[in-house]
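Reviewing the structure listed below.
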Amino acid sequence: MRRRNVHSSPQGRIEVITGGMFSGKSEELVRRLRRAVIARQRAQVFKPLTDSRHPPERLVTRDNRELAAETVASCAELKRALQPGVEVVGIDEAQFFDADLVDLVMELADSGVRVVVAGLDQDYARRPFGPMPALMALAEFVDKMHAVCVRCGGNAHYSQRISGGEEQVLVGDVDAYEARCRECYEPYEAELAESAG
């Protein structure tokens, strides 16, 4: 039986970069995708229509690193946008996609594509967020990033909502969220936050 040369064919896999807001998830996604481009691998980057903070054709990090990206409204649209021969697929803000993302990511990895997914693992109430828990369970590699707690300076894992309503999806930045550690996290109640503001 002839052994397959592992370096001659693509190695499909799933990598998940997760953690709370302000922890550097998108920066790490951009770093990995830039390395893929340097290695002359065909890469595509996607982000959800829900994330409207930056131009639709750019993935922009907090430290102003940028990559060309495609904004898609659904997993079906993402699948249609995949180019033949793509070797690396990056997906930012994966928590905003529906559960179909899990099957799509598995299909891509099984076909030899390296898939790098970044997203929040928990929402503002510390509940599992979107498809992220399933993606973490299926991934070969999971990196949990931590921000700096704005209260005590410790490792922050939670996205503390400080303004806005109680809907799960509220796209915002420092105006609506803070990075907090377990000790400094406080359950959010919209009425209390509005009266304190």
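For what it's worth, this note's numbering labels the leading residue of the sequence shown as 130, then goes sequentially.
For every residue, glycine included, the Cβ atom is placed at its ideal position computed from N, Cα and C.
Discussion item. By the three-class DSSP mapping on this structure, what secondary structure does residue 145 have?
Written reply: strand
Worksheet item: Distance, Cα to Cα, residue 158 vs residue 144?
Response: 10 Å
Worksheet item: Buried or exposed: residue 200, going by 16 or more other Cβ atoms within 10 Å of its Cβ?
Response: buried
Worksheet item: Looking only at its own chain, which residues have a Cβ that is under 6 Å from the Cβ of residue 307, when we skip the five neighbours before and after it?
Response: 279, 289 and 291
Fill in: Limits of the unbroken alpha helix (DSSP H) element including residue 262
261-267
Item to complete: Over the uninterrupted alpha helix (DSSP H) stretch that includes residue 155, give me the two end residues.
Response: 154-167
Practice prompt. Below 8 Å CB to CB, which residues in the same chain sit around residue 187 once its five sequence neighbours on both sides are set aside?
Written response: 195, 196, 197 and 198
Item to complete: Excluding the 5 residues preceding and the 5 following residue 283 in the sequence, name in chain order all residues of the same chain whose CB lies nearer than 6 Å to its CB.
Response: 310
Practice prompt. Please determine, among 152, 217, 294 and 142, the residue with the shortest C-alpha to C-alpha distance to residue 166.
Written response: 217
Worksheet entry | residue 235 - containing beta strand (DSSP E), residue span | Here residue 235 belongs to no beta strand (DSSP E); instead the alpha helix (DSSP H) covers 229-239.
Worksheet entry | Inter-residue spacing [alpha-carbon to alpha-carbon] between residue 251 and residue 318 | 17 Å
Discussion item. Going by C-alpha to C-alpha distance, which of 238, 285 and 215 sits closest to residue 174?
Written reply: 215
Item to complete: State the DSSP-derived secondary structure class of residue 225, mapped to helix, strand or coil.
Response: helix
Worksheet item: Three-state secondary structure (DSSP) at residue 205?
Response: helix
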